[in-house]
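S.K.: Numbering (this note's numbering), first residue to last: 32 to 486. Cβ atoms here follow ideal geometry from the backbone N, Cα and C, with glycine treated the same way.
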Ligand code: SAH
Ligand code: SF4
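1. Where do the ends of the beta strand (DSSP E) carrying residue 242 lie?
2. Hey, out of 209, 200 and 251, whose CA is closest to residue 228's CA?
3. For the ligand NAD, is there a heavy atom less than 7 angstroms away from the beta-carbon of residue 378?
4. Looking at the strands, I want to know which residues DSSP matches up with residue 344.
5. Between residue 250 and residue 400, what straight-line distance do the alpha-carbon atoms span, to the nearest angstrom?
6. Is residue 349 near the ligand SAH, judged by its Cβ being under 7 angstroms from some heavy atom?
7. Can residue 48 be considered in contact with the ligand SF4, in the sense that its beta carbon sits closer than 7 angstroms to one or more heavy atoms?
8. Shorter than 7 angstroms, the distance from the beta carbon of residue 211 to the closest heavy atom of the ligand SAH, or not?
9. Cβ of residue 242 versus every heavy atom of the ligand SF4: is any distance shorter than 7 angstroms?
10. Roughly how many whole angstroms lie between the Cα atoms of residue 359 and residue 427?
11. Tell me residue 337's beta-bridge partners as DSSP assigns them.
12. If you measure between the beta carbons of residue 377 and residue 350, is that distance less than 8 angstroms?
13. Answer yes or no: the CB of residue 87 versus the heavy atoms of the ligand SAH, is any distance below 7 angstroms?
14. Rounded to whole angstroms, how far is the Cβ of residue 61 from the Cβ of residue 110, which I believe are closer than 8 angstroms?
15. What are the boundary residues of the beta strand (DSSP E) that residue 481 is part of?
16. Give a yes or no on whether the C-beta atoms belonging to residue 433 and residue 270 are separated by under 8 angstroms.
17. Hey, could you find the ends of the beta strand (DSSP E) residue 472 is sitting in?
18. Specify the secondary structure class of residue 260 as computed by DSSP and reduced to three states.
19. Please confirm whether any heavy atom of the ligand SF4 lies closer than 7 angstroms to the CB of residue 214.
20. Buried or exposed: residue 412, going by 16 or more other Cβ atoms within 10 Å of its Cβ?
21. Who are the near neighbours of residue 187 in its chain, counting only those whose CB is closer than 8 angstroms to its CB and skipping five residues on each side?
22. For residue 173, count neighbouring Cβ atoms within 10 angstroms of its own Cβ and tell me buried if that reaches 16, exposed if not.
23. Less than 8 angstroms between the C-beta atoms of residue 82 and residue 51, yes or no?
24. Tell me whether residue 297 sits in a helix, a strand or coil according to DSSP, three-state version.
25. Take residue 278 as the anchor and find which of 171, 243 and 287 has the nearest alpha-carbon.
26. Please find out if some non-hydrogen atom of the ligand SAH comes closer than 7 angstroms to the beta-carbon of residue 280.
27. Please go through the segment 38 to 113 and give each complete beta strand (DSSP E) segment of 3 or more residues, from N-terminal end onward.
28. What does residue 453 pair with, by DSSP beta-bridge criteria?
29. When you compare only the Cα positions, how much space is there between residue 184 and residue 291?
30. Tell me whether residue 66 counts as near the ligand SAH, meaning its Cβ is closer than 7 angstroms to at least one heavy atom of that ligand.
31. Does DSSP put residue 116 in a helix, in a strand, or in coil?
32. Measuring CB to CB, does residue 141 end up less than 8 angstroms from residue 189?
33. Buried or exposed for residue 325, going by 16 or more other Cβ atoms inside 10 Å?
34. Between residue 256 and residue 221, what straight-line distance do the alpha-carbon atoms span, to the nearest angstrom?
35. Measure from the alpha carbon of residue 258 to the alpha carbon of each residue in 115, 286 and 224, then state which is nearest.
36. So, helix, strand or coil for residue 412, using DSSP?
Shown next, in the form of structure tokens:
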């Protein structure tokens, strides 16, 4: 019997950001069209795909751990393992050279259209590998070239159930923040035609989705011809049935007054912005290559709050960037105290191979110092998250139900507010995708408890 036909079961696991989640949906769609089927267990699969993230060192470690854990779980059962995504493009040489890393092929984020061919050749055996060109020491197939044009425009991702659908509106990044691997792993910035984005939103609405999240590494630098990101938000908001529009991640340097105005006045655009600070110190921001200062960041936040008082602001912060002194770290504390973020992801700096910071600086902030700083910021953030959530007690807000959970005979429904807060209510036979008006009764740093209002 033909091996290509029998070895068609795929297990796909995704690591990292929402862009990877979206890419995994693209991969599903491409492989389903080529008659592959997806299974829920590694042990049932002929081909195991890991869609990987290279942004931080621990993401990297997770993938290495996962490959070994999978081989252990397979317990000798033959299966081909392929590494997709950012690690494939960023660490190609290492992956192909490392004989202790038991994988069979790699494919970077711009090569997914060729995956069916690649898998076919892997399954058919060594002689059938595509000509991969250069330095593949283990002779393993790899497709890792980055493209200046690929946006997967014509592929409708195969989404799993849910109320939110991601739509990648741009790919890649040109910013070259000195700590960041994304421009190397995902290539140059390119935006999709607005018509394609709107068509995808219409298709999603017809499929029952009520919320879309527009995605890009630097989403507000989207531009296609005369259409900029604010225009795109307006166009998507005209799609009937799409009730909520979110976007992530914007860059402060591309956050215009017009964008803030659109958020303030367009009722479908949610009043939540993930607004990465990275550092509160202007010298560190400069050597991070972030193109804004502490003062400019605070000015934009003030403007947002003036235009849109209910806006929820969340952020990413890196502590322990090379040369960061105690006083400079205090500037980050100060900005946090001024802004009072609704939530924050706080990371220890980890050097990424090939980035400007890795080439120029020693990772000179001691590990204990990094731990001390992250503990300090997490503590401050916990207080702020609680304070911001407590301020909502007594408010009546709409939520979109995304999960129903039964525990010990008690059923609860969980949804998100416009500001992206997790809100839990006693379930009264609600359906996933229902909009519900609730009054907030109590708050913790991570969620709000509420009661539904009879309408
Ligand atoms: N495009 C987004 C961020 C993408 S990466 C932006 O411009 O903000 C997600 C987050 O990972 C970053 O915001 C940053 O806080 C963190 N990060 C990226 N590289 C890192 C590194 N080398 N060390 C620690 N954190 C890092
Ligand atoms: Fe990385 Fe900066 Fe681009 Fe964000 S904007 S993806 S942090 S280079």
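M.R.: Answer, in terms of the structure:
1. 242 to 246
2. 200
3. By its list of ligands, the structure shown excludes the ligand NAD, since it contains just the ligand SAH and the ligand SF4.
4. 304
5. 33 angstroms
6. yes
7. Because no heavy atom of the ligand SF4 lies under 7 angstroms away, the Cβ of residue 48 does not count as near it: no.
8. It does: the Cβ of residue 211 is within 7 angstroms (strictly closer) of some heavy atom of the ligand SAH.
9. No, the Cβ of residue 242 stays beyond 7 angstroms of every heavy atom of the ligand SF4.
10. 40 angstroms
11. Partner(s): none; residue 337 has no beta bridge.
12. yes
13. yes
14. That pair is no contact at about 20 angstroms.
15. 479 to 483
16. no
17. 466 to 474
18. helix
19. It does: the Cβ of residue 214 is within 7 angstroms (strictly closer) of some heavy atom of the ligand SF4.
20. Classified as buried, residue 412 has 16 or more neighbouring CB atoms from the shown chains inside 10 Å of its CB.
21. Only 60, 231 and 234 meet the Cβ criterion.
22. By the 10 Å Cβ count, residue 173 comes out buried.
23. yes
24. coil
25. 243
26. yes
27. 40 to 45 and 78 to 83
28. As a beta-bridge residue in DSSP terms, residue 453 pairs with 447.
29. 28 angstroms
30. The answer is no for residue 66.
31. strand
32. no
33. buried
34. 12 angstroms
35. 224
36. Helix.
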